[in-house]
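The next block holds one structure in the form of structure tokens; read it before the comments.
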Amino acid sequence: MLNKLLRARLLRAPCLALGLGTLTALAALAVPTAQAQVGNPLRIVVPFNPGGGSDLFARLVAPGLGKALNENAIVENRAGAGGIIGTETVIRSRPEDRMLLVADSAVYTIVPALYPNLQYKRADLVPVANLAMFGNVLVVGANSRFKTFQDVLAAARKAPGTLTIGSAGTGSITHLTAEKLMEDAKIKLVHVPYKGSGPAITDTAGGHLDMVFTGLPSVLELLHAGKLRALAIATPERSPDAPDVPTISESGVPGFTSMISQGLFAPPNTPPKTVAAMNAAVVAFMRQPDTQATLRKMMVAPVDQSADAYKQWLDKESTDWAALIKAAKVHVE
């Protein structure tokens, strides 16, 4: 659902600066072919299927990055194994392959801790730019007995292990956010994993689940339609898209956040000067008023961050999630 909403908002958005051109041109990027390219293009790999969040952001940034660097930039989807195949493809690439990666930050912060036998380490990925940030929101069905986040805490403490919380699957950011809430709030919930966030959201709206964490953009329309109710959001500050929804931090669990980003990454041993040049190009593109307006229509926060600052954020997130995965004994097949 998140991906469909992001795609709809992107296609309804105004044309962007720095070479994005018309909406028709943007749509034409959906299936780039080798025959259509001239020379050796800059290849932006997305480790997921077309139409997803990472795919949309790659296609958003590719034309602007290509123009700023005087490059012919194309997007390639290398899906499989939850993003691992495409990520490893970029990491193993040769300089002449000219590959970059656009993916959600979990490929750096979470996946290496979940899979001990993974063929790559987070040090193999070079953070270039933070493209956008998402916050997770805790929602319940419209007819739920829980009216506030404090109601959930009180009920969970009164009857530990009776309330259910769904997720997009074991090891997903929504699952780990639930585990983090249980640890930080000292409560016990029953985790119910689904194959994707859509079914979990549907069951929550239907009253079959007590609650679920999910990205705010994926449920904002359901909230406005009165089919779900947001109790609290796991961002440092309230979201401008839902200003009436309090943060979890202000609602009884101080300092609680759960954020994920869409990022641009380079292969190992990419020269720092190259990283800096690409970061400057992306930041300049993101500063364009039309670009920022488009991001707001997609209900994501515009980000203006250096490569070093992004790496610092990613490294802290990696440390925190690795500790949680170990403490909660999260295992995936």
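Offset between the sequence shown (1-based) and the working numbering: plus 3.
For every residue, glycine included, the Cβ atom is placed at its ideal position computed from N, Cα and C.
> Can you tell me whether A109 is buried or exposed, with buried defined as 16 or more other CB within 10 angstroms of its CB?
Replying inline: The sequence position of residue 109 within the sequence shown is 106, counting from 1. Of the residues assessed, A109 falls on the buried side of the cut-off, its CB having 16 or more other CB atoms within 10 angstroms.
>> If contacts are defined as beta-carbon pairs under 8 Å, then L219 and M302 qualify, I think. What distance do you get, rounded to the angstrom?
In response: Taking the first residue of the sequence shown as position 1, residue 219 is located at position 216. Taking the first residue of the sequence shown as position 1, residue 302 is located at position 299. About 7 Å separates the two Cβ atoms, so the contact holds.
>> To test your reading of the DSSP string, which unbroken beta strand (DSSP E) runs of 3 or more residues are found completely within the stretch 238 to 293?
In response: Unbroken beta strand (DSSP E) stretches of 3 residues or longer found wholly inside the stretch 238 to 293: 262 to 269, given in chain order.
> Going straight from the alpha carbon of T92 to that of V49, what length do you get?
Replying inline: The residue labelled residue 92 in the question sits at position 89 within the sequence shown. The residue labelled residue 49 in the question sits at position 46 within the sequence shown. Cα-Cα distance, rounded: 10 Å.
> Start and end of the alpha helix (DSSP H) containing I328?
Replying inline: Here residue 328 refers to the residue found at position 325 when the sequence shown is read from its first residue. First-last of the alpha helix (DSSP H) with I328: 310 to 330.
>> If I follow the unbroken beta strand (DSSP E) through T342, where does it start and stop?
In response: One cannot answer for residue 342 here, as it falls past the ends of the chain, which runs 4 to 336.
> Using 8 Å as the threshold, is the stretch 324 to 335 in touch with the stretch 162 to 177, meaning 3 or more CB pairs across them?
Replying inline: yes
> Could you give the residue range of the alpha helix (DSSP H) that holds G56?
Replying inline: Within the sequence shown, the letter at position 53 stands for residue 56. Counting along the chain, the alpha helix (DSSP H) containing G56 begins and ends at 56 to 71.
> At a cut of 8 Å, does the stretch 196 to 205 reach the stretch 126 to 136 through at least three beta carbon pairs?
Replying inline: no
>> Let's test the definition: count the other Cβ atoms within 10 Å of the Cβ of P292 and tell me whether it reaches 16, buried, or not, exposed.
In response: As a first step, residue 292 is located in the sequence shown; it is residue number 289 there, counting from the start. Counting Cβ neighbours within 10 Å, P292 comes out exposed, since fewer than 16 surround it.
> Going by alpha carbons, who is nearest to K276 out of S309, M262, R290, S252?
Replying inline: By one-based count along the sequence shown, residue 276 stands at place 273. Of the listed residues, the one whose Cα sits closest to K276 is S309.
> Going by DSSP, which residues form a beta bridge with T217?
Replying inline: Counting from one through the sequence shown, the residue named residue 217 turns up at place 214. According to DSSP, T217 shares a beta bridge with V140.
> From which residue to which residue does the alpha helix (DSSP H) around D187 run?
Replying inline: Reading the sequence shown from its first residue, position 184 is the one you call residue 187. It spans 176 to 188 - the alpha helix (DSSP H) in which D187 sits, taken as one unbroken run.
> Do A237 and N139 come within 8 Å of each other at the CB atom, strictly closer than that value?
Replying inline: Position 136 of the sequence shown, counting from 1, holds the residue named residue 139. Position 234 of the sequence shown, counting from 1, holds the residue named residue 237. In contact: N139 and A237 (Cβ atoms closer than 8 Å).
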